[in-house]
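Structure record follows, encoded as structure tokens.
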Amino acid sequence: MSDDKDLLEIIAEMDDPAELGKFFQELFTKSEIEKFKKRWKLIKLIDQGMPQREIAKKMRISLCKITRGSKILKDKNSITRQLLGH
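Numbering of the sequence shown is given in the working numbering, commencing with residue 6 and proceeding in unit increments.
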């Protein structure tokens, strides 16, 4: 776990979005970054109240992935909820 902590500390120290984006491009493949962005978009659509089936159709993803995102937003202790202003 110390390797995880090191990475998280490095990310937490970055305050320049462009620098963080470049760091991610160096560490992750284009596909990995796209999956990460897609997950965030999914979370935001759920938060905006878009129905799950509509999200599935629009984003061409399974309801299972949407359900996971929905569970995250229902958790009152979720950091994601806090980041979205809840």
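For glycine and all other residues, C-beta sits at the position ideal for the given N, C-alpha and C.
- The distance from the Cβ of L47 to that of K70 is about 7 Å, consistent with a contact at the 8 Å cut-off.
- Secondary structure of Q57 (DSSP, three-state): helix.
- For I66, the three-state secondary structure derived from DSSP is coil.
- Exposed is the label assigned to I15, since fewer than 16 other Cβ atoms lie within 10 Å of its Cβ.
- Here G90 carries a coil assignment [DSSP, helix/strand/coil].
- Cβ-Cβ separation between K43 and M64: approximately 7 Å, consistent with a contact (criterion under 8 Å).
- Taking all protein chains shown into account, I51 has 16 or more neighbouring C-beta atoms within 10 Å of its C-beta and is therefore buried.
- With a 10 Å radius around the Cβ and a threshold of 16 neighbouring Cβ atoms, I84 comes out exposed.
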